[in-house]
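*Asks:*
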Amino acid sequence: MRSARARRVGLLLVAGAMVLQGCKRTETPADQLEQAVTQTVDQIEETPQPEGPYAPRDDCSQVAGASAFLAEVRSAVAARDTEAFVALAAEDVKLDFGGGAGSEQLRTMLASDTAPLWGKLDQLMTLGCASDGDALITVPWYFAQDISDDPYSAMIVTGTGVPVRVSPAADAPVIAAISWDVVEKLDSDTEDSGFAHVRWNRSDVPAGQSKTVEGYIDETRLRSMIDYRLLAASRNGKWRIVSLVAGD
């Protein structure tokens with residue numbers, strides 16, 4: 313999967329060629345190209361971005377070498393190419409909080425196409441990228457943000473307009489809709505229902521009205537704040553994964 317910037321550049325080039333074909337022959341090449349780019353930029357700007365405070369963003373496209381590195385990571389993940397992925401990690405890559413590290417352990421964790429870590433990486437690659445200057449990038453984007461909620465009970469709602477229901481059933485009335493925001497997962501006995509009991513503190517309600525919503529949400533639309541995250545660092549001009557961990 314290409315970065316957002318790469319996709320935009322590709323769109324500009326393709327659309328530029330298309331518009332050039334339809335321009336008047338009396339226009340100069342420079343005028344034609346300017347017209348093509350302007351039209352395409354206008355179209356791109358109109359494309360809606362995901363709603364919500366923690367919707368995926370790409371803050372890494374301006375970091376030297378980061379977009380190309382992430383493209384290699386995405387390619388290795390999509391192909392389930394263990395050796396290509398391991399080659400993108402530092403030899404001492406951190407893999408857990410119990411001392412697990414290194415290329416060989418990573419290779420073992422990705423030993424087959426059905427290894428659980430591949431699925432985790434598939435999701436990671438859709439969750440944006442945050443940068444810390446030119447030396448460190450973090451995937452997912454939201455993990456680098458200042459979120460004060462308890463990381464053990466906080467969950468990110470992964471989607472736009474995800475319904476919160478009055479009871480743990482797919483046909484239960486909807487009491488709210490959440491877009492890429494943080495909710496608190498509450499203790500409940502709904503594990504077999506496919507729904508999670510959550511509390512959400514809304515920020516978009518008028519003064520005097522309750523900001524707290526409590527209800528049930530599709531478990532598959534929730535991701536733990538401390539689920540897998542990938543950190544990569546630039547060492548001597550070369551990007552490498554230095555940490556791929558879950559938990560705290």
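Residue numbers (our numbering): 313 to 560.
Where a beta carbon is used, it is the ideal one built from N, C-alpha and C, also for glycine.
Owing to the predicted nature of the structure, the values given are computational and were not obtained by experimental measurement.
Could you say if the region 523-541 and the region 407-426 meet the contact criterion of at least three C-beta pairs nearer than 8 Å?
*Replies:* no
*Asks:* In angstroms, rounded to a whole number, what distance separates the CA positions of Pro-475 and Ala-481?
*Replies:* When rounded, the separation of the alpha-carbon atoms in Pro-475 and Ala-481 is 11 Å.
*Asks:* Run through DSSP, which three-state label would Asp-303 get?
*Replies:* Examination of residue 303 is not possible in this model, given that the chain is present from 313 through 560 alone.
*Asks:* So is Thr-438 buried or exposed if we call it buried at 16+ other beta carbons inside 10 Å?
*Replies:* By the 16-neighbour rule on beta-carbons within 10 angstroms, Thr-438 is exposed.
*Asks:* Please name the residue, chosen from Phe-409, Glu-416 and Glu-496, that lies closest to Ala-399 on a Cα-to-Cα basis.
*Replies:* Comparing alpha carbon positions, the residue from Phe-409, Glu-416 and Glu-496 closest to Ala-399 is Glu-416.
*Asks:* Measure the alpha-carbon distance for Ser-460 versus Thr-420 and round it to whole angstroms.
*Replies:* 35 Å
*Asks:* Among the candidates Trp-430, Ser-379, Arg-369 and Pro-362, whose CA atom is the shortest distance from the CA of Ser-546?
*Replies:* Comparing Cα-Cα distances from Ser-546 to each of Trp-430, Ser-379, Arg-369 and Pro-362, the minimum goes to Ser-379.
*Asks:* Give the single residue among Glu-363, Ser-522 and Ala-447 whose Cα lies nearest to the Cα of Phe-381.
*Replies:* Ala-447
*Asks:* Let me confirm a value: Phe-455 is counted as buried when at least 16 other C-beta atoms fall within 10 Å, else exposed. Which label applies?
*Replies:* buried
*Asks:* Short check: CB of Glu-465 to CB of Glu-496, under 7 Å?
*Replies:* Note that residue 465 corresponds to Ser in the displayed sequence, not to Glu. A contact, by the Cβ cut-off of 7 Å.
*Asks:* Between Leu-429 and the rest of its own chain, which residues show a CB-CB distance below 7 Å, the 5 nearest in sequence each way excluded?
*Replies:* Met-421 and Leu-422
*Asks:* Looking only at its chain, what residues have a beta carbon closer than 7 Å to the beta carbon of Pro-463, apart from the 5 residues adjacent to it on each side?
*Replies:* Met-537, Ile-538 and Asp-560
*Asks:* For Gly-364 versus Trp-492, is the C-beta spacing smaller than 7 Å?
*Replies:* yes
*Asks:* Expressed to the nearest angstrom, what Euclidean distance is found between the alpha-carbon atoms of Trp-551 and Ser-515?
*Replies:* 38 Å
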